[in-house]
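Structure record follows, encoded as structure tokens.
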Amino acid sequence: MTALPANVLAEGLETVRRAPPGVLVVFGASGDLTHRKLLPALEHLSRRRLLPAAFAIIGVARTEMSDAAFRDLMAGADPDAGPGWAEIIKNSAYISGEYSHPDTFTALQGRLKEIDEALGTGANRTYYLATIPEVFAGVAQALGQVGLNRPEPGGSARLVIEKPFGRDRKTAGELDAVLHEVFDEDQIYRIDHYLGKETVQNVLALRFANAIFEPLWSRNYIDHVQVTVAETIGVEKRGDFYESAGALRDIVQNHVLQVLSLTLMEPPGSIDAQGIRDEKVKALRSVVVPKLADVPNVAVRAQYDSGWVEGSAVPGYRQEDGVSPTSQTETYVALKLSVDNWRWAGVPIYIRTGKRLPKRVTEVALQFKAVPHLAFPKQAATGLNPNALVMRIQPDEGVTLRFGAKVPGQAFMVRDVLMDFSYGAAFLEEPSDAYERLLLDAMVGDPTLFIRSDEVDTAWGVVQPLLDAWAGQGAPLSGYASGSWGPRPAETLIERDGRQWRTP
Amino acid sequence: MADAVSQVGLDGAPGRPPGAAVASEHGTVPDGLSAVQTWEQANVGLDQVLASLPELRRQASGGEAGTRTAVMTLVMVLGAGDDPDEHAASFRSLGGHHPCRMVVLRPDPDSTPAIDATACLWRAQRAGDDDHPVFFEEVHLRVGGQAASHLASIVGPFVLADLPAVMWFPDGVPDPADPLLRLASAVVVDTRSVGPGAADIGHSYRTLLELANHQPVVDLSWLRLQPWRELLAGLFEPEHNREFLPGVRLASVQGKPGPRHMLGGWLMSQLDLRARELVLEDARHVAITIDAQYQGEDGKFQVRRDDGTRAVWAQATLSGGISHRQGLPLPDDSLTSALSTAISNLRADRVWERALAAAAALAS
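What follows is the structure, given as structure tokens:
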């Protein structure tokens, strides 16, 4: 067998990552995620010349729809779509059928074969599960039953699934067990769209592309870490979903712990999928899992009451559509964690996330220790606080360093100033949408920004005692006014350590 | 917007009266840009121009322009007879995307020995984002008399420390021996501007090859041709199509002189074609066609622009049955876009150098 010739015409163009020829199969193609996120992201990829000529999308869903209707849906992704998108639409198809019925998957197999033969898509298949989580396992098994889980020679078969990955450690493990019966781990791409954000990835650049920060990045200089994920919105139209999720499952187990692991991890040998994910898992494994009896001392949960947010009166959580008037679901979590490793021993990690808070902000703040001896008279440094390095993830993406400076004048007064790097000011280029980035990565076969099975399991392990403690009736649940920074017990949680929450 | 500029006059230098013979430099102001402060002076010393830069920031209203964000120094070197306004708008549009100190050098060796200067502080803003304006400086220097032959000594003080300095020659190809180039981390040229005669093209390409031996050279014309190259390369990504690459029988490139030579040179060098396997034809728009065979099967691979639509199409048609087509909106071929891409890729491009060498031979 002779070796395939190299594509010599592509030499020098490798810096731009493009998807190889292939077919993207979207399960849940008639749903909200497909309409709102996936199709617009794919159209943008096409417009930016990141999709190949030999490319098609096959939509699969229960909803009855013709190929033509699905193509209309695709065309609606962007009224100003470029001609490349029109060509992809022409190549694309729709299959309606039950996810539990073998006929659906036999039909899919036939369509894939037809497209491979007509377009030369090389049996590269990416299966995207934009469905409700309850059918993840069934779809994976059905793909396996018709052999679509196994790559054909020269081709690939990848499965992309969206969070939530289970409801707790046990169900996540059960889901993984089913997926692994059908797909190998390196075929599974678990999406947490937070990891697709440029600024989350910039945590890696800030830490590992700059020599000045890393020496300070440890218990030697850092007093504590605060992670804040604050939303101004309530549950919107997701009341039904949120009732069974809550802030711990919806935000802490995935987004917060992902960002935290990037903050705490050791420098990897290389910035690739294995290097980064190995270090992230190591960092998560170093987080001390709270004992069930300690949960009341390290965690606070709460639910928003009515109040005012951004000048508008808003209802309380229990008055929202789809929410039980006696709901015990938390919309706010404050948590204190500790880390048992050489770098972080003794440095508390304070986490808070909530809905209907005063400001939409996601940030990680490293609060440095105070100077060992203040040489100035106390009254000269009343405006001086310990240094802080804040990585702002959204919406005002950037990095802020707080340090002391002399106030101009005859007297020697010192006060805090901010050295502020803002992405928007340094780069006016629009960053890629997280879905664009992650879809392309999945099609290219780069799993770096996807979550590995052991990461999911370890992250569930960290929050499982809280889930257990809060599962029973009568578990404490505070209230907080919408538009406030959370309940009083959350302030107590940090104040009893002699510290305070930042005001982002 | 230019009429909103506040003028900040510093003390004049002896000689020509302040303001004399200095044309307004805000010919065209791109969207999202506004001049915050301007300073101008005729017959001026470089120290005065340098002093004006922090002064412009200090006097900017609200103090918001106090911090400079810069990623490079970008120098535009005009020819003696070039019109600075022709490229100025594209040049300053870059400031919003790549915060730079921008220096426009206008040598005028036949005029009075003097330097006339204008310095402007610009504010760039992304649509809908009031919170993150970018401020950058633009300095125009008209250099009269013998000093016009010693531009390196004039540019040196304006180059920001620790950051790349990029020299852009909008018209023509610089002399590789020019000391000015020693200040440059990279040189930006446009091979579309050379010619039109084949001999001129060949000579310019050989000069550029010599220049590329010393430092990275980025060719704006080559970057504008990238979508065509990407589309053509993309047609050979499916494994079956790739088998046709060693079996190319004929390649045909249409286009204007310059671009067609560069694409022809690229195909010759990358596919190892002989001269008789390549046809170059004059045409308004670029088009590439490759005819190839693999195990008795014929393949036609084509990238062309439709006259009717503003789109570029790539199509592979194999006699065995597979066919696919990819269309793209006509890429933005503006000067700003090409410059923006250029200064994001300041590195030697060996594929371009090989294409240039082959194109020089084709033009000879």
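Chains as they are written, first to last, in our numbering: chain A, 1 to 504; chain B, 1001 to 1364. For each residue, glycine too, the CB sits at the ideal point set by N, CA and C. These numbers were taken from a predicted model, which means no experiment stands behind them.
Helix, strand or coil at residue i according to DSSP, with G and I counted as helix
{"i": "Tyr-332 of chain A", "result": "strand"}
{"i": "Met-1262 of chain B", "result": "helix"}
{"i": "Pro-465 of chain A", "result": "helix"}
{"i": "Lys-355 of chain A", "result": "coil"}
{"i": "Asp-1329 of chain B", "result": "Before going on, a small fix: residue 1329 of chain B reads as Pro here, not Asp. Here Pro-1329 of chain B sits in strand by DSSP."}
{"i": "Trp-1352 of chain B", "result": "helix"}
{"i": "Arg-207 of chain A", "result": "helix"}
{"i": "Gly-307 of chain A", "result": "strand"}
{"i": "Gln-500 of chain A", "result": "coil"}
{"i": "Leu-1163 of chain B", "result": "coil"}
{"i": "Tyr-480 of chain A", "result": "strand"}
{"i": "Ala-1021 of chain B", "result": "Per-residue confidence for Ala-1021 of chain B stands at a pLDDT of 31, beneath the threshold of 50, marking its modelled position as unreliable; no derived number is given."}
{"i": "Gln-379 of chain A", "result": "helix"}
{"i": "Leu-47 of chain A", "result": "The sequence given here has Arg at residue 47 of chain A, not Leu. In this structure, Arg-47 of chain A counts as helix in the three-state DSSP scheme."}
{"i": "Val-289 of chain A", "result": "coil"}
{"i": "Gly-486 of chain A", "result": "coil"}
{"i": "Leu-1180 of chain B", "result": "helix"}
{"i": "Gln-367 of chain A", "result": "strand"}
{"i": "Ala-1359 of chain B", "result": "helix"}
Own chain partners of residue i with C-beta closer than 6 angstroms, once the 5 adjacent residues on each side are dropped
{"i": "Arg-1123 of chain B", "result": "Ser-1034, Val-1036, Pro-1133, Phe-1135"}
{"i": "Leu-33 of chain A", "result": "Ala-130"}
{"i": "Asp-176 of chain A", "result": "Ser-453"}
{"i": "Leu-1211 of chain B", "result": "Pro-1176, Val-1217"}
{"i": "Ser-974 of chain B", "result": "Examination of residue 974 of chain B is not possible in this model, given that chain B is present from 1001 through 1364 alone."}
{"i": "His-1098 of chain B", "result": "Val-1071, Ile-1343"}
{"i": "Phe-403 of chain A", "result": "Asn-387"}
{"i": "Arg-502 of chain A", "result": "Gln-226, Ala-365"}
{"i": "Ser-1024 of chain B", "result": "Low per-residue confidence applies at Ser-1024 of chain B: pLDDT is 41, beneath 50, and the placement is therefore not dependable, though the value from the model is reported in the following sentence. Excluding residues within five positions, none has a Cβ falling inside 6 angstroms."}
{"i": "Phe-183 of chain A", "result": "Asn-149, Leu-159"}
{"i": "Arg-343 of chain A", "result": "Ser-218"}
Identity of the residues DSSP links to residue i by a beta bridge
{"i": "Asn-124 of chain A", "result": "A:Ser-156"}
{"i": "Ile-251 of chain A", "result": "None; Ile-251 of chain A has no bridge partner."}
{"i": "Tyr-350 of chain A", "result": "A:Gln-226, A:Lys-336"}
{"i": "Tyr-189 of chain A", "result": "A:Val-160"}
{"i": "His-1324 of chain B", "result": "B:Ala-1316"}
{"i": "Phe-1301 of chain B", "result": "B:Ile-1290, B:Ala-1316"}
{"i": "Ile-451 of chain A", "result": "A:Arg-190"}
{"i": "Asp-1219 of chain B", "result": "B:Val-1189"}
{"i": "Met-419 of chain A", "result": "A:Leu-401"}
{"i": "Met-413 of chain A", "result": "A:Val-407"}
{"i": "Thr-362 of chain A", "result": "A:Val-229, A:Gln-394"}
{"i": "Met-1072 of chain B", "result": "B:Cys-1100"}
{"i": "Trp-1039 of chain B", "result": "B:Ala-1119"}
{"i": "Trp-1168 of chain B", "result": "B:Met-1076, B:Val-1188"}
{"i": "Ala-53 of chain A", "result": "Partner(s): none; Ala-53 of chain A has no beta bridge."}
{"i": "Ala-319 of chain A", "result": "What sits at residue 319 of chain A in the sequence shown is Gln, not Ala. For Gln-319 of chain A, which the question treats as bridged, DSSP gives no partner whatsoever."}
{"i": "Ala-1124 of chain B", "result": "B:Leu-1033, B:Val-1134"}
Chain-order list of residues whose beta-carbon lies under 7 angstroms from that of residue i (same chain, five-residue window excluded)
{"i": "Gly-479 of chain A", "result": "Ala-302, Gln-303, Asp-305, Pro-487"}
{"i": "Leu-206 of chain A", "result": "Phe-213, Met-391, Val-399"}
{"i": "Met-65 of chain A", "result": "Ser-30, Tyr-94, Ser-96"}
{"i": "Asp-1200 of chain B", "result": "Val-1194"}
{"i": "Glu-1353 of chain B", "result": "Leu-1209, Ala-1212"}
{"i": "Val-135 of chain A", "result": "Tyr-99"}
Beta-carbon contacts of residue i that lie in its chain and below 8 angstroms, excluding the five residues immediately before and after
{"i": "Ala-1080 of chain B", "result": "Pro-1107, Asp-1108, Pro-1109, Asp-1110, Ala-1148"}
{"i": "Leu-1232 of chain B", "result": "Ile-1288, Ile-1290, Phe-1301, Val-1303, Ala-1314"}
Chain-ordered chain D contacts of residue i [CB-CB under 8 angstroms]
{"i": "Asn-7 of chain A", "result": "The displayed structure is made up of protein chains A and B, and chain D is not among them."}
Original post:
Which runs of the alpha helix (DSSP H) spanning at least 4 residues fall entirely within the segment 1225-1270 of chain B, listed in chain order?
Top reply: 1226-1235, 1239-1242
Subject >> Contact between the segment 495-503 of chain A and the segment 319-330 of chain A (3+ Cβ pairs under 8 angstroms) >> reply: no
Subject >> Three-pair Cβ contact test at 8 angstroms for the segment 1218-1237 of chain B versus the segment 1183-1203 of chain B >> reply: yes
**OP:** Determine contact between the segment 1239-1248 of chain B and the segment 1292-1309 of chain B, defined as no fewer than three beta-carbon pairs at a distance below 8 angstroms.
**Re:** Using a Cβ-Cβ distance cut-off of 8 angstroms, the segment 1239-1248 of chain B and the segment 1292-1309 of chain B are in contact, since at least three pairs of beta carbons, one from each stretch, lie closer than that value.
**OP:** Taking 8 angstroms as the threshold, find out whether the segment 113-133 of chain A comes into contact with the segment 13-29 of chain A through three or more Cβ pairs.
**Re:** At 8 angstroms Cβ cutoff, the stretches touch.
Original post:
Hey, is the segment 275-286 of chain A in contact with the segment 452-459 of chain A, meaning 3+ C-beta pairs nearer than 8 angstroms?
Top reply: yes
Subject >> Start-end ranges of the alpha helix (DSSP H) lying completely within the segment 55-108 of chain A, minimum 4 residues >> reply: 67-75, 83-91
Original post:
Of all the alpha helix (DSSP H) runs that stay within the bounds of the segment 1076-1112 of chain B, which reach a length of 4 or more residues?
Top reply: 1084-1097
Original post:
Quick check: the segment 100-110 of chain A against the segment 68-85 of chain A, are there 3 or more CB pairs under 8 angstroms?
Top reply: no
**OP:** Decide if the segment 324-336 of chain A is in contact with the segment 240-253 of chain A; the criterion is three or more beta carbon pairs, one per stretch, under 8 angstroms apart.
**Re:** Yes, the segment 324-336 of chain A touches the segment 240-253 of chain A.
Original post:
Are there three or more Cβ pairs, one per stretch, closer than 8 angstroms when the segment 45-64 of chain A is compared with the segment 1265-1276 of chain B?
Top reply: no
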